[in-house]
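Below is one structure, written out as structure tokens; comments come after it.
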Amino acid sequence: MTINVKFFASMREYLDQSEVDIDTDGTQTVGDVWLQVAGDKPMPDNTVCAVNHTQANSSYPVKDGDEIAFFPPVTGG
Amino acid sequence: MTINVKFFASMREYLDQSEVDIDTDGTQTVGDVWLQVAGDKPMPDNTVCAVNHTQANSSYPVKDGDEIAFFPPVTGG
Amino acid sequence: MAVIIVEDQFDPWQALQVHQQSHLASGQFGATATFIGTMRDFNEGDEVCAMTLEHYPGMTESQLQLIIDDANQQWPLQDALIIHRVGDILPGQPIVLVGCWSAHRAAAFDACRFLMEALKSRAPFWKKETLSDQSHRWVEKNTDGYSH
Amino acid sequence: MAVIIVEDQFDPWQALQVHQQSHLASGQFGATATFIGTMRDFNEGDEVCAMTLEHYPGMTESQLQLIIDDANQQWPLQDALIIHRVGDILPGQPIVLVGCWSAHRAAAFDACRFLMEALKSRAPFWKKETLSDQSHRWVEKNTDGYSH
């Protein structure tokens, strides 16, 4: 299955990439996606994860066609 | 001594006058001023009194040259 | 800090723009909170066609200045503006404007609301409504804007 | 109810005037509360020369819409407007605008503040500052605007 993964702000700089499509037949959760895209770089403590534009935690299940995002705490306004 | 007395809003209509200068040699308090200008019309319950633009109660002493005002609760804004 | 009593209709957004441009240093303030009270065409279940706003010249201005002084003692404000209409007014026209500028948003929000509530309880203004049958009535009291 | 993400500088007072004129019925609303966040030229003790605002297209808009839906469930709003700037921005330029229109002031005040705090904690925007030595830093977190 194919999943679109996006990184924003300091997370984009930390992983040195903004977006990647991954083929993930063995991937079951948001946490698994992180391991596949980040390799041995640990997930920073206050990382926010979103699945299809809704915040989700690392154990949230992923499915084909999902858009997964990782980003730091928001600082707008 | 001379005191300037003003009435606003529904108080002006109640007493049918907007302003009067009174000569008040025997007048000692805001309450005395009311008696002199209102005659036998009782002071409505929630009347606000001001002496020289500062809110004061009926027992507040008055002196020559003071500006005394009587008005209902404020309703601006 | 400015207190303005106006007899003619005013545009609140233009007044804020003009005041900010002439009184605030660009880059210094981070937070602007404003409140605008506008005349509605209904009140207490009745249709209201017009209103007359009376004030106490002299005392009104000094009370508004005291209210601003109170706000300045409680919050680090960079500026505050109060504009209040008097005289004859029609539905849809602004009655009152309160604006607060500060470095941070908590101060701007809190001070703006404080100024508005203090104005409604301490500043001598009175409203007389004209209803659709051309009868008149004085508004008797303001509600507490912190309660719900 | 409108959510607008803008890349170019906007005039908050003009935006409010235009929105009110085109979306609100005259005489219906009595209370308008607004908040405008403006870029300062100092932060955390340092001089800030410029800023870049990043967002998450798609999620940002849907989060802002959810926040407005939340406010609508809690308060009787006649309208709400959120405008947020993205891209490169300079000190003195507006970053965010929140406006709420209601019949009464408590709802307008409370909803405006709620929208602003919800936006700062839930809407995906990120700020990167350029300091006077041309170094860059990400703003790490927003403060709680209800505390003092």
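Chains as they are written, first to last, in the working numbering: chain A, 26 to 102; chain B, 26 to 102; chain C, 265 to 412; chain D, 265 to 412.
Backbone N, C-alpha and C define an ideal beta-carbon position, used for all residues, glycine too.
Rounded to the nearest whole angstrom, the CA to CA distance from histidine 348 of chain D to arginine 377 of chain D is 15 Å.
Chain D has a Cβ within less than 8 Å of the Cβ of valine 99 of chain A. Listed in chain order, the alpha helix (DSSP H) runs fully inside the stretch 274-303 of chain D are 276-287, counting runs of at least 4 residues. Listed along chain D is no residue with a C-beta nearer than 7 Å to that of alanine 81 of chain A; the closest approach is about 12 Å.
Of all residues in the stretch 360-376 of chain D, the ones placed with a Cβ closer than 8 Å to any Cβ belonging to chain A are Val360, in chain order. Counting C-beta pairs closer than 8 Å gives three or more between the stretch 290-306 of chain D and the stretch 349-368 of chain D, which meets the contact rule.
Per DSSP, reduced to three states, the secondary structure at phenylalanine 33 of chain B is coil, with no helix or strand assignment. Collapsing the DSSP output to three states places tryptophan 59 of chain B in a helix. By the Cβ-count criterion, glutamate 381 of chain D is buried, with 16 or more other Cβ atoms from all chains shown falling within 10 Å of its own Cβ.
With respect to chain D, the C-beta atom of aspartate 305 of chain C has a partner C-beta closer than 8 Å. Close CB contacts of proline 69 of chain B within its chain, under the 8 Å cut and outside five residues either way in sequence, are with Met36, Tyr39, Pro97 (chain order). When 8 Å is used as the limit between beta carbons, alanine 34 of chain A is near these residues of chain D: Glu318, Trp390, Lys392, Trp402, in chain order.
For asparagine 406 of chain C, the neighbours in chain B by C-beta distance under 9 Å run, in chain order, Pro98, Val99, Thr100, Gly101, Gly102. Taking C-beta atoms under 8 Å as the contact rule, proline 388 of chain C and glutamine 327 of chain C qualify, at a distance of about 6 Å. The beta carbons of isoleucine 28 of chain A and threonine 54 of chain A sit no closer together than 8 Å.
At least one beta carbon of chain C lies nearer than 8 Å to the beta carbon of methionine 380 of chain D. The Cβ of leucine 383 of chain C sits closer than 8 Å to at least one Cβ of chain B.
Scanning the stretch 343-377 of chain C from its first residue to its last, the whole beta strand (DSSP E) runs of 3-plus residues come out as 351-353, 358-366. The closest CA to that of cysteine 74 of chain B, considering only B:Asp89, B:Asp65, B:Asp57, is found on B:Asp57. Methionine 265 of chain C has its alpha-carbon roughly 20 Å from the corresponding atom of valine 350 of chain C. The contact set of alanine 94 of chain A on chain D, defined by CB atoms closer than 9 Å, consists of Tyr320, Met323, Pro388 in chain order. Your pair leucine 317 of chain C and lysine 391 of chain C checks out as a contact, with CB atoms roughly 6 Å apart and the cut at 8 Å. Cα atoms of alanine 375 of chain D and alanine 370 of chain C: separation of roughly 14 Å, rounded to the nearest angstrom. For alanine 314 of chain C, the enclosing beta strand (DSSP E) covers residues 310-319. Against alanine 75 of chain A, the close residues of chain D are Tyr320, Met323, Pro388, in the order they occur along the chain (beta-carbon pairs closer than 8 Å). By the Cβ neighbour-count rule, proline 67 of chain B is exposed, with fewer than 16 other Cβ atoms within 10 Å of its own.
With a 10 Å radius around the Cβ and a threshold of 16 neighbouring Cβ atoms, alanine 289 of chain D comes out exposed. Comparing alpha-carbon positions, the option among B:Gln42, B:Gly51, B:Asn82 lying closest to aspartate 89 of chain B turns out to be B:Gly51. When secondary structure is reduced to three states using DSSP, glutamate 92 of chain B falls in the strand class.
Less than 8 Å divides the Cβ of valine 76 of chain A from the Cβ of tyrosine 85 of chain A. Taking each of A:Gly102, A:Ser83, A:Glu44 in turn and checking the Cα distance to leucine 60 of chain A, the smallest one comes out for A:Ser83. About 14 Å separates the beta carbons of valine 403 of chain C and proline 355 of chain C, which is beyond the 8 Å limit, so they are not a contact pair.
Under the 8 Å criterion on CB atoms, serine 326 of chain C is classed as interfacial with respect to chain B.
Within 10 angstroms of the beta-carbon of serine 43 of chain B lie fewer than 16 other beta-carbons, which makes it exposed. Residues of chain B with a Cβ closer than 9 Å to the Cβ of histidine 348 of chain C are, in chain order, Gly101, Gly102.
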